[in-house]
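Numbering (the numbering used here), first residue to last: -8 to 588.
Below: one structure, written as C-alpha cells.
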RNA sequence: GGGCCCGUAGCUCAGUCGGUUCAGAGUGCCAGCCUGUCAAGCUGGAAGUCGCGGGUUCAAGUCCCGUCGGGCCCGCCA
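Quick look at the structure:
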C-alpha cells in the first residue's frame, strides 16, 4: 500500500458529524464559497459527498489565514486541522455537517481555478442549458448532477446484482457490426482495410443476443449502448443505454416475472420505493379501448367511455354518421370541468383540432340544474340521462366527446386526457404506476407503401392461436410482444422470438421479404437458427428513461454525463467535426456536400 | 422536412406604444474595510457587437425578412 501524502484526504467533507469532533483530519475538495471577515475567513469546502465549513483563524495558523485570503471559487485545496463542535448559536441547521467545522492549521492550494462561467452553488439560479453543456465538466460538479450520476450508478449496480442473482451472464457484443435492415437509420463506420465496406453501429444488440441463445448462454444481459441516427427528443438521444436481456427455454410469463423483479429491485435499491407486486396487466386492445393509447398513465383515472350505441340514436349528424361509417363516439369526464365557459371550450376545441386529427370536440357541462351543451337539443331527455349515467359524470363535471374513426378518437382523447390530468392536478406527486401491455398486433398496415410492416420486429413470435391467420387476416394476428409502461412512458419492450424456420419464413413473406432477400440480409442468423435453437425471448428496458424517472428529471440529458443537443452535437467537444482529408483517403471516403446557396 | 418558444453584462433577467427616466437590476468579478459568517456585511470600481445579416423609419434592443444557436412538439424512432 502506498504511503499517504501529507495533502491526501483522511475524511470526506460531507460525512463528518459531531462524533468525529476532536479528530485531526484532512479534506480534499473545491472551494465553493468564501466568507472573508478580515480577521476570520469561512470557506465552504465541497467534495462529492457534500459540503463542510472550514474556518481560517489567525490564532490557529496565521500562515493559513493569510493564504486563505487568496482563495477563490473552485480552487482545489487540501486543508488539515481539528474538527470542532460549533457553539450553539453558530450551528447551521440547513447543513448535514452544520454542527461541526474544521479549524484549519494547514492549507495547500493544489490547483487554482479560473472564475467559473456559472455558479456551482446549489441554491443559485441554474444556468441555461446551452452554457451548461458547453462546460459540462463544471455542470457535472453541481450537487444536482452529482446526485444524478450517483443514482445512475446505484441503478446500474442494482441491475447487475439482481440479474446475477437470477443467473444471467453479462456478455459484451460488438459495437462494430454488420448493417442489418432495421427500423432506424444506422450510424456507419467505413472500413480502412476493406475498401468500400462499412460497419454499422448497432441500433440494439437484438440479433447478437439471439445468437447468444443459440450459443447456449441461456440467460444473457448487458447494459448495452444503442445507436440510432434519428431526430432527438426530450427522451431520445443518438446513443442510449438499454438493459438488454434474453432468456432461453422460457415462456412469456418467465420474462415478465424476471423483469418485474428487476424493476422492483432498481426502485427499492435507489430510492427505496416499493413497486406493486405483481404489476397490473392489460392487452393492447384493452389499453387502446380504455385509454386511447398503448402506454396509458395509470397514476390517475379518466378512462374513456364508448358511447357509440347511444350516439347512434341521437339526432346529431356528426355522431350518427361517424357511427354509421364504422367510427366511434367516445367520451372522457373532466372532474370539476363544468365551470368552463363557452370561450374556454372553443379554445380547447381549437387546440385539439390543431394538435390532432380530430375535427371537433363535443361537450356537456353537468350542472346541478341539469346538463348544458350546444348539442343537448339533439338528445332526448332519456337518452341524455342514459349517456351521462354511463360516463359516470357527477354534478360539476365536464363530459368531453370525440366522434371519428377509432384511431382518431383514440389519438384525440389520449391527448386530452393527458393534458387535463396536468391541468386539473390529478397526478399524485412521487407515485409510480407500472403496467404490462400485452398482445401487441403482429403487423401494422403501412398506408404509404400499401404493405404490412412488423409492429415490433420480424423475429417476434405470433400468438399460438393466431398462427393460421398470418396469411388470411394479418391485421388480427397478435404477437407475443409486451411493453412495460411506467407513468405513461414506455420503459421497455420485448417479445418471445421465433425459433422455428417455417414460421419465420411465413412472417418474412407477409412482410414482402423474399427468401433471397432474407438470405442476403439475415442469412447468418437463419443459418444459426438451423443448429438447435432453443425457444427464447427477452426484453430491453431503457436505462436512461428509468434513471430519468428515478431522479425526477424532465429529460434524458440530465441523467447522461455527456449528452448531445437536438442537432446531435456535443457543445463541449464540438463533435461531430470535419476531419483531415488524409484520413478520408485512408478510408476510401469522399465527401460530397450540396453546393452552398 | 414542418410548427411553436427563447437569444440584452461572466450568470439570471427587466426593458410598456419605436422616441436622453434606453444600456438597466440582482448576482458574480476586481479593490478596500471588517473575528462567527453560512445567499455574510459595508464602501468603491470595472464590465455590453441587445446572437448575426439585411430591411422599414427622422429614429430599432423594440417592427419586418433571412440566418445561426438552444429548447418543446409533429414527421421519424421495427
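Glycine is no exception: its CB is placed at the ideal position from the N, C-alpha and C atoms.
Helix, strand or coil for residue i, going by three-state DSSP, please let me know.
| i | result |
| --- | --- |
| residue 366 | coil |
| residue 306 | coil |
| residue 72 | strand |
| residue 542 | helix |
| residue 426 | strand |
| residue 195 | coil |
| residue 588 | Residue placement at residue 588 cannot be trusted, given a pLDDT of 40 that sits under 50; the coordinates are not used to answer. |
| residue 452 | coil |
| residue 388 | coil |
| residue 280 | helix |
| residue 98 | strand |
| residue 133 | coil |
| residue 312 | helix |
| residue 51 | coil |
| residue 532 | strand |
| residue 112 | coil |
| residue 7 | coil |
| residue 473 | strand |
| residue 86 | coil |
| residue 224 | strand |
Are the beta-carbon atoms belonging to residue i and residue j less than 7 Å from one another?
| i | j | result |
| --- | --- | --- |
| residue 547 | residue 228 | yes |
| residue 172 | residue 497 | no |
| residue 295 | residue 323 | yes |
| residue 471 | residue 486 | yes |
| residue 400 | residue 344 | no |
| residue 206 | residue 525 | no |
| residue 4 | residue 31 | no |
| residue 192 | residue 218 | yes |
| residue 426 | residue 271 | yes |
| residue 46 | residue 94 | yes |
| residue 595 | residue 143 | Residue 595 is absent from the structure shown; the chain starts at -8 and stops at 588. |
| residue 124 | residue 557 | no |
| residue 74 | residue 12 | yes |
| residue 111 | residue 141 | no |
So if DSSP puts residue i in a beta bridge, which residue, or which two residues, is it bridged to?
| i | result |
| --- | --- |
| residue 160 | 211 |
| residue 190 | 180 |
| residue -2 | The partner list for residue -2 (beta bridge, DSSP) is empty, contrary to what the question assumes. |
| residue 361 | 358 |
| residue 321 | 297 and 393 |
| residue 443 | 436 |
| residue 43 | 36 |
| residue 119 | None; residue 119 has no bridge partner. |
| residue 607 | Examination of residue 607 is not possible in this model, given that the chain is present from -8 through 588 alone. |
| residue 561 | Beta-bridge pairing links residue 561 to no other residue. |
| residue 56 | Partner(s): none; residue 56 has no beta bridge. |
| residue 144 | For residue 144, which the question treats as bridged, DSSP gives no partner whatsoever. |
| residue 67 | 21 and 102 |
| residue 353 | 392 |
| residue 91 | 76 |
| residue 218 | 230 |
Going by DSSP, what residue range makes up the alpha helix (DSSP H) through residue i?
| i | result |
| --- | --- |
| residue 500 | 492 to 501 |
| residue 246 | 243 to 262 |
| residue 581 | From DSSP, residue 581 is part of no alpha helix (DSSP H); its letter is neither H nor E. |
| residue 273 | Run containing residue 273: none in the alpha helix (DSSP H); it sits in the beta strand (DSSP E), 272 to 274. |
| residue 336 | 333 to 346 |
| residue 509 | 506 to 520 |
Tell me which residue opens and which closes the beta strand (DSSP E) that residue i is part of.
| i | result |
| --- | --- |
| residue 594 | Not covered by the structure: residue 594. The range shown for the chain is -8 to 588. |
| residue 231 | 230 to 239 |
| residue 15 | 15 to 27 |
| residue 480 | 480 to 487 |
Please find out if some non-hydrogen atom of the ligand ATP comes closer than 6 Å to the beta-carbon of residue i.
| i | result |
| --- | --- |
| residue 526 | You won't find the ligand ATP in this model; it holds no ligand whatsoever. |
Touching by the beta-carbon criterion (3+ pairs, under 8 Å), the segment 439 to 455 and the segment 301 to 315: Not touching, per the Cβ criterion.
Meets three-Cβ-pair contact criterion under 8 Å: the segment 354 to 365 and the segment 408 to 427: Output reads no: the segment 408 to 427 does not touch the segment 354 to 365.
Three or more C-beta pairs below 8 Å linking the segment 255 to 265 and the segment 444 to 462: Flag = no, the segment 255 to 265 and the segment 444 to 462 do not touch.
contact_flag[the segment 172 to 187, the segment 452 to 469] where n(CB pairs < 8 Å) is 3 or more: Pairwise C-beta distances place the segment 172 to 187 out of contact with the segment 452 to 469, as fewer than three of them are shorter than 8 Å.
Three-pair Cβ contact test at 8 Å for the segment 19 to 30 versus the segment 57 to 75: Taking 8 Å as the limit for Cβ pairs, the verdict is that the segment 57 to 75 does touch the segment 19 to 30.
Stretch-stretch touch, CB-based, cutoff 8 Å, three pairs: the segment 206 to 215 with the segment 150 to 170: With a cut-off of 8 Å on Cβ pairs, the segment 206 to 215 is in contact with the segment 150 to 170, counting three or more such pairs.
Cβ contact (3+ pairs, closer than 8 Å) linking the segment 530 to 543 and the segment 490 to 504: Contact check between the segment 530 to 543 and the segment 490 to 504: fewer than three CB pairs, one atom from each, fall below 8 Å, which does not count as touching.
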